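Okay, structure first, notes after.
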Amino acid sequence: MDLIDRITNAKLSRRSFILASAAATAGLSLTGCGSSLTQATADQAAGKEGKWITAACWHNCGGRCLNKAYVVDGVVIRQKTDDTHPDSPDYPQQRACVRGRSQRQQVFGADRLKYPMKRKNWEPGGGKKELRGRDEWVRISWDEALDSIAGEIKRIKSEQGNRAFFADGGPAAKVLALYGGYVANWGTTSLGSWTYTPGPVGFSSSSGDSINDRLDMRNCDTVIMFNMNPAWSSAGNPVYHFLQVKKAGADFIAIDPFYNDSYGLLEADWIPTRPATDTALMIGVAHTLIVEDDPVKNPLIDWDFLKKYTIGFDADSMPPGTDAKDNFKDYVLGTYDGVPKNAEWAAEISGVAPDRIRYLARAMNKNKKVALLYAWSAGRTQNADNLPQMAMILGAMTGHMGKSGHMCGVSCHSGAANGGDTLVSPGKNGLPTVDNPVKDSINHTEMWRAIVDGKYNFTGNKKFLKGEMKDIDIRLIYHDNNARLQSADGMTKGIEAHRKVDLVVSHGQFLTTNAKYSDFVLPVTTEWEKIGGFLTGNREMLIMYSQITEPLYEAQSDEWIARELAKRLGVDASKAFPIDAKQQFFNQIAGSTVILPDGKTAAPLVTITAEDIAQWGVQGKPQQGQISLKEFQEKGLYQIERKPGDNYGYIAFKDFCDDPEANPRPSASGKLEFYSQVLADTVNAMGYSEIKPIPTHIPPVEGYEATFKDWQGKVKGDYPYQVINPHYLRRSHTVFDNVQWLRETWPNPVYISTQDAREKGLNDGDTVLLTSQHGKTLRTACLTDRFMPGVIGLPHGSWVDMDEKTGIDTGGADNILCGPVSTGQGVSGWNSCICNMEKYTGASLIPDVQKPQRIIL
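The numbering of the sequence shown is the numbering used here, which starts it at 153 and goes up by one.
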């Protein structure tokens, strides 16, 4: 039995999965990691009668589930999840994962930032800048903090102008905009090349409009999943929806370097694939479709679909004014370059055996009901700008669009396994947009380099304009409501940038990486300490949460800080915040809408009475909705009950397929473009790297080919392993990494294939030094047969913990290894990273849960 058979035969039943999850959750409840003060108060309140209140779980996890807190005298005693209705496959509860269930450990953690803090050796102009990240902290008052920050902002503006301010969008950034503006930043973030490419080629980047709804997915014969892991990256109901598809009889195929928990649960047929080679693999699949298709004896391709809905497949379908020889089919066949992009060609790049590539092509033939599902992860690679186009091409060639049981599109984040328009939506809060007078905006892949070197390539703020080199001299970095230093490419260069400027300010609830490398840290409230708000997740539900506790310690809201800063800078904060938080919340309630059972009509969701308005003390008008304000606030959840045959179903691309003239795609031709001159011209003009109008394999700067010093001779180089950064259940990106319950449950190892580990003399539990050309980090080894040899899995989002003496990060931060490499449309290529590994000869790592928490006062 080979490796893949051994893994896929290790069946995991739904019952065993649920029992294992329950055991893990039970273990969490027995772990007392809260502060002694909180625990003592909770014990005293436990015998009193309290109230269940809907609590926010607001982080960007891809889930969005219902959490309730049992509050007695202002103390949270325990939590629970959705029990608003009986659970069923058609009408599932919105159950929380371990992260949501540990939320109180975060909100009331001993490591909460309690007071405004200043770096000990900071002085106007920066002081000892090199001590950022390792200096001591001094408690100061809010007045001192805000006065000092405002004073430095004024000084920097008078000396350098507003182009010396670097900030993310948030309440404080709005004040800087009113003060004359700031340099912004932009990136492709989670979407990678799915950010821009889908539009010009006529495709889509979201689950909402590119795949069918979850009930229709049960009609599929085969589901082919490219680089997906909803069990980790979309915790909640998506995996449950996929289980119903499997129960209905569908087979699953997984294309991924990692045989993850989702594939195991679905008993997927695993096709291990090297990272950042998906375009080459899919081109090889297209070759098989072309050469093996016989409309009578072996119909693989939907020729009617190609002729009616696409351009650029062959010479006859090329757009006017182009060279007919540049069509997709002739490139794949090697008609003019002499290189057929056949299964053997694709195998050398992707690592997938030729017979498995041909098997994959046959599995998606036109006569089967097939779902081709893609996560954004493969788009987070360098030179992947044609990948979404190639993903679309496979669906178009086989006709898996616009029909029940057929689909081709994105299935990830909160829309995983459930396409269609949003059925329940919150209203707007009523705050105006504040224009930023400064038009500079730096791409994430070069922002730290720009701060250090003083120049960058201007392409607009996600405008994808023609590149223009500009000089820049940043003196202030203002972190408001983000984790930019931790989560952006090239953290080593980012730390250098933070140690160069005159002033770094961070809002935070904890001493995160942003805060650690700052001069001033301002404690802000969590969503549990605010008046309330909304959480959107899957298309069928809307969560309204309420305040759980009063603001802790001296924490203030981001908006309060912005208003106070505005006073000191002499700008009118009412231009950004004309109404208070309660009115903003009420506006969202009043503006909430729901699609009625006819599947078309949008109506007010919440019934609001004159008494409600008076009780809230806000401005508004009475209205009739589907649920009273009181009931909505008590339940915290409004969910549409789905049933087979209802009017809430969705078939992606159906309108286009029914009438392409009346419902054109967003491409220049209105069709699905195998050849897109707009895409190529736009990306090439940006100046990072070049692509063609059709999909081709362009080796990533740090991809599989780069692991060799001699590609032809197949001689490995200094960095022979590829690294991917799986989303991990300990965190939501970087959030929750400090929660002790989760640190104990999810130890955050580095995943290494057993074969690679044995060749390097590594065993389970060894401390491993991972080295790339951008930095070094340590992790504990976890040996597994579920990773393809040659590929290492370093979970995404772990907080950096730099040893200043050695220059080695001991926290396992992925962006220490991932460098700031700019390609194509400015993609952050986290999943195209190469490294080496060895057993560490220094002191072994202790478990993360045993590390001291970052507590300052």
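Glycine included, every Cβ here is placed at the ideal spot set by N, Cα and C. These numbers come from a predicted model, not from an experiment.
query	result
Residue from Thr574, Pro409, Thr440 with nearest C-alpha to Pro427	Pro409
Sequence-distant residues of its chain with Cβ nearer than 6 Å to Asp239 (five each side left out)	Gln245
Inter-stretch contact (C-beta, 8 Å, three-pair minimum) for the segment 675 to 690 and the segment 205 to 218	yes
CB contact flag (Leu583, Tyr331, <8 Å)	no
Residue burial classification, Thr753 (beta-carbon count within 10 angstroms, cutoff 16)	exposed
Alpha-carbon to alpha-carbon, Asn412 and Gly913	25 Å
Beta-carbon gap between Met542 and Pro847 smaller than 8 Å	yes
Proximal residues to Tyr267 (C-beta, below 7 Å), its chain only, five neighbours per side dropped	Arg291, Pro675, Tyr705, Glu706, Leu1009
Classification of Tyr488 by the beta-carbon crowding that lies within 10 angstroms, buried from 16 upward	exposed
Short Cβ contact (8 Å threshold) for Ala383 with Ser414	yes
Whole-angstrom distance between Ser819 and Gly976, CA atom to CA atom	19 Å
From Thr425, Val397, Gly865, Ile305, residue whose alpha carbon lies closest to that of Asn379	Thr425
Nearest-angstrom Cβ-Cβ length linking Thr906 and Asp937, presumed shorter than 8 Å	5 Å
First through last residue of the alpha helix (DSSP H) which encompasses Glu1011	Because the chain spans 153 through 1009 in this model, residue 1011 falls outside it and cannot be assessed.
Reduced DSSP category for Asn450 - H, G, I as helix; E, B as strand; rest coil	strand
Environment of Leu881 [buried if 16+ CB atoms lie within 10 Å]	buried
Burial state of Glu716, where buried means 16 or more other Cβ atoms lie within 10 Å	buried
Residues sharing a beta bridge with Trp204, DSSP	Tyr222
Thr236 versus Ile741 - alpha carbon distance	20 Å
Buried versus exposed, by CB contacts within 10 Å (16 or more), Gly184	Residue placement at Gly184 is flagged as unreliable, the pLDDT there being 28, under the threshold of 50; the coordinate-derived value follows with that caveat. Exposed, because fewer than 16 other Cβ atoms sit within 10 Å of the Cβ of Gly184.
Exposure label - Gly646; buried when at least 16 CB within 10 Å	buried
Residue range of the unbroken alpha helix (DSSP H) whose run includes Leu418	413 to 418
Asn915 burial status per 10 Å Cβ neighbour count (16 or more: buried)	exposed
8 Å Cβ cutoff met for Ile760 and Ala316	no
Neighbour-count burial assignment, Asn799, 16 or more Cβ in a 10 Å radius	exposed
Burial state of Lys270, where buried means 16 or more other Cβ atoms lie within 10 Å	buried
Short Cβ contact (8 Å threshold) for Pro352 with Tyr827	no
Meets three-Cβ-pair contact criterion under 8 Å: the segment 289 to 305 and the segment 634 to 652	no
Of the listed residues Ala569, Thr597, Gln661, Tyr461, nearest to Gly554 (C-alpha basis)	Tyr461
For Gln638 and Glu783, the rounded distance between their alpha carbons	40 Å
Buried versus exposed call for Lys518 [16 or more other C-beta atoms within 10 Å across all chains shown]	buried
As assigned by DSSP and simplified to three states, the class of Ser300	helix
Proximity of Pro350 and Ser356 at Cβ, strictly below 8 Å	yes
Leu704, DSSP secondary structure in three states	coil
Of the residues Met434, Ala728, Gln829, Ala324, the one placed nearest Thr585, counting alpha carbons only	Ala728
Whether Phe152 touches Ile603 by CB criterion (8 Å)	Residue coverage of the chain in this structure runs from 153 to 1009, which leaves residue 152 outside it and unanswerable.
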